[in-house]
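Trainee: Counting from 38, one number per residue, gives the positions in the sequence shown under the numbering used here.
Every residue, glycine too, gets a C-beta built ideally from N, C-alpha and C.
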Amino acid sequence: MTATRIRRTRGVKRVVAWVSLGLPPLFWAGNFIVSRAVRDLTAPLTLLMVRWVIAFACLLPFVVPTMRRDAALYWRHRWLMLGTALTGIVGFNALVYVGVRTTTASNALLMNALIPVLIVFFGAVFYRQRLTVAQGAGLILSLLGVFTLALHGQWSQWHTLSFVPGDGVVLAAMVCFAFYTLWIRQLPADLDRLGVLGAHVTIGLSVLVPLWFIAPATATSAHWSIILVVAAVYVGIFPSVLAYLLYMRAVRFFGAERAGLSIHLIPAFGVILSILFLHERLHLWHFGGIAAIASGLVCSSFPQKHIPPIQDRDISRPV
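(1) Buried or exposed for R165, going by 16 or more other Cβ atoms inside 10 Å?
(2) Among residues of its own chain, excluding the 5 on either side of I91, which ones have a beta-carbon nearer than 6 Å to its beta-carbon?
(3) From the DSSP secondary-structure annotation, give me the bridge partner or partners of A131.
(4) Would A210 pass as a contact of G120 if the rule is Cβ separation under 8 Å?
(5) Assuming I312 is part of the alpha helix (DSSP H), what are its boundary residues?
(6) Which whole-angstrom value is the C-beta distance of G241 and W89, which I expect to be below 8 Å?
(7) Decide if V71 is buried, meaning its Cβ has at least 16 other Cβ atoms within 10 Å, or exposed.
(8) Check for me: the alpha helix (DSSP H) holding W249 runs from which residue to which?
(9) If you draw a straight line from the C-alpha of A287 to the C-alpha of T185, how long is it?
(10) Consult DSSP for T79 and reduce its assignment to one of helix, strand or coil.
(11) Leaving out the 5 sequence neighbours to the left and right, which residues in its chain are closer than 7 Å to I156 when beta-carbon positions are compared?
(12) Could you tell me whether the Cβ atoms of L96 and G203 are closer together than 8 Å?
(13) With burial defined as no fewer than 16 other Cβ atoms inside 10 Å of the residue's Cβ, what is the status of A161: buried or exposed?
(14) Determine the contact status of A268 and A74, defining contact as a CB-CB distance below 8 Å.
(15) Give a yes or no on contact between the region 255–263 and the region 79–86, applying the rule of three or more CB pairs nearer than 8 Å.
(16) In the DSSP assignment, the alpha helix (DSSP H) including A215 goes from what residue to what residue?
(17) How many angstroms separate the CA atom of R51 from the CA atom of Q172?
(18) So, using beta-carbon positions, are F290 and A94 closer together than 8 Å?
(19) Determine, using beta carbons only, whether A122 and H237 come nearer to each other than 8 Å.
Okay, structure coming up:
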């Protein structure tokens with residue numbers, strides 16, 4: 038292979054990696070908007086069940102051979118597989134769907150902004166991960182962008198923010214996703230990520246199906262309409278199958294801390310989607326907030342010193 042072809046291949050891989058970093062927040066931003074929009078049409082547990090049943094149906098034809106081949110590896114890393122499935126598939130999504138029924142949009146943005154901070158904090162406490170200067174600067178910049186969007190550019194109005202019980206539920210969801218991000222990188226590199234997602238969804242449904250059947254009628258109610266069907270199809274494919282596959286790839290390429298910073302794109306994409314679909318007006322502070330978030334991501338991508346990997350460590354044995 039010529040030097041030119043090698044450089045071209047590396048360039049393509051880097052573009053794919055950046056796409057893997059940017060698309061999951063877009064799909065998850067849509068998930069927040071959709072779940073908030075249909076909150077009066079269905080109970081959170083039903084939406085969560087339908088979401089992962091659709092995802093499982095989409096994945097099944099492609100993952101069965103891989104899951105059979107890697108079954109022994111899944112069992113060898115059973116606690117890691119169980120932990121990532123319960124935090125990333127069940128816990129995070131269940132808590133978000135419950136929390137967005139009561140919390141405000143501004144508060145949800147602030148809760149999401151905590152994910153990269155939690156990833157850095159838990160990584161430092163449990164795995165002795167060090168934050169580089171570039172990552173620290175990127176984290177601060179992107180946080181400033183999120184707060185700008187959440188406060189509509191009125192920083193003097195921070196004291197007007199009020200919190201409701203749903204905020205605590207969403208915060209718990211953010212903790213789940215922080216651990217999911219740290220733990221997902223510990224999976225062996227030779228494990229097929231499509232098969233891993235199939236196994237995660239299988240574990241998640243094995244927990245959700247019994248809960249759905251024993252839950253009271255109020256927890257499983259649904260008023261089916263074309264709007265709810267479209268919403269279910271969206272959350273079952275884009276933020277479930279595509280976003281999780283791409284995010285696992287991004288974590289593997291960029292590392293947990295840098296990939297986690299992409300979560301700050303969720304409020305930026307949420308603003309864009311609200312303007313496109315909810316006809317909200319575009320303001321100067323929109324540009325400022327999004328620019329700060331983008332600058333933070335770019336800053337965090339600067340070359341850094343080697344950081345010891347954590348993929349070979351057992352989640353049950355933090356350093």
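Mentor: Answer, in terms of the structure:
(1) Your numbering for residue 165 matches position 128 in the sequence shown. Label assigned to R165: exposed.
(2) To locate residue 91, count along the sequence shown from 1; it is residue 54. Only G273 meet the Cβ criterion.
(3) Counting from 1 along the sequence shown, the entry for residue 131 is found at position 94. BP columns for A131 are empty, so no partner.
(4) Reading the sequence shown from its first residue, position 173 is the one you call residue 210. Reading the sequence shown from its first residue, position 83 is the one you call residue 120. Going by C-beta atoms, A210 is not nearer than 8 Å to G120.
(5) Here residue 312 refers to the residue found at position 275 of the sequence shown. Going by DSSP, I312 is part of the alpha helix (DSSP H) stretching over 302–314.
(6) Working through the sequence shown from its first residue, we reach residue 241 at position 204. Working through the sequence shown from its first residue, we reach residue 89 at position 52. About 6 Å separates the beta carbons of G241 and W89, which is inside the 8 Å limit, making them a contact pair.
(7) Walking along the sequence shown from the start, residue 71 turns up at place 34. Buried.
(8) Here residue 249 refers to the residue found at position 212 of the sequence shown. Its alpha helix (DSSP H) spans residues 230–251.
(9) As a position in the sequence shown, residue 287 is number 250, starting the count at 1. As a position in the sequence shown, residue 185 is number 148, starting the count at 1. Their Cα atoms are separated by approximately 26 Å.
(10) As a first step, residue 79 is located in the sequence shown; it is residue number 42 there, counting from the start. In the structure shown, T79 falls within a strand segment according to DSSP collapsed to helix, strand and coil.
(11) Counted from its first residue, the sequence shown places residue 156 at position 119. When the five nearest sequence neighbours on each side are left out, the beta carbons in the same chain lying within less than 7 Å of the beta carbon of I156 are those of A215, T218, L219, A293, E294, G297, in order along the chain.
(12) Sequence index remark: in the sequence shown, residue 96 carries index 59 (1-based). Sequence index remark: in the sequence shown, residue 203 carries index 166 (1-based). No, they are not a contact pair.
(13) Translated into positions along the sequence shown, residue 161 becomes position 124. A161 is exposed by the Cβ-count criterion.
(14) Taking the first residue of the sequence shown as 1, we reach residue 268 at position 231. Taking the first residue of the sequence shown as 1, we reach residue 74 at position 37. Yes, Cβ-Cβ distance for A268 and A74 is below 8 Å.
(15) Cβ pair count under 8 Å is three or more, so yes.
(16) Walking along the sequence shown from the start, residue 215 turns up at place 178. Where A215 is concerned, the enclosing alpha helix (DSSP H) starts and stops at 202–221.
(17) By 1-based counting over the sequence shown, the position of residue 51 is 14. By 1-based counting over the sequence shown, the position of residue 172 is 135. So the two alpha carbons sit approximately 19 Å from each other.
(18) For the purposes of this step, residue 290 is taken as the residue at position 253 of the sequence shown. For the purposes of this step, residue 94 is taken as the residue at position 57 of the sequence shown. Taking 8 Å as the Cβ cut-off, F290 and A94 do not qualify as a contacting pair.
(19) Here residue 122 is taken as the residue at index 85 of the sequence shown, counted from 1. Here residue 237 is taken as the residue at index 200 of the sequence shown, counted from 1. The answer is yes: Cβ separation under 8 Å.
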